[in-house]
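Just so you know, we're using the UniProt record's numbering here: the sequence shown kicks off at 1 and counts up by one.
Note that CB positions come from ideal geometry on N, CA and C, so glycine has one too.
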Amino acid sequence: MPYVNIKITREGATAEQKKTLIAGVTRLLADTLGKNPATTVVVIEEVDTDNWGIGGESVTDLRKK
């Protein structure tokens, strides 16, 4: 049973985009690795930009620049 965890910033995707992402990742694992889509788990975690840092700065601060 494959388990895929995807982390994105909280405002990064619409509900429709997330549905498409889940379906696409599931299809990719089936096509590439022969995994059963019925047992493939995809979790999307949304992280607040205050809690996501790049290069020592929060994404919130980086986006203000």
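Alpha-carbon spacing of residue i relative to residue j, whole angstroms
i, j, result
"Thr60", "Ile44", "20 Å"
"Glu46", "Val25", "17 Å"
"Gly53", "Gly12", "15 Å"
"Thr40", "Leu21", "13 Å"
Per-residue DSSP class, three states only, for residue i
i, result
"Gly55", "coil"
"Lys19", "helix"
"Ala13", "coil"
For residue i, the nearest candidate out of the options (CA to CA)
i, options, result
"Ile6", "Thr49, Leu29, Val42 and Gly12", "Val42"
"Thr9", "Asn51, Met1, Gln17 and Gly56", "Asn51"
"Ala23", "Pro37, Pro2 and Arg63", "Pro37"
Counterpart residues of residue i in DSSP-defined beta bridges
i, result
"Lys7", "Glu45"
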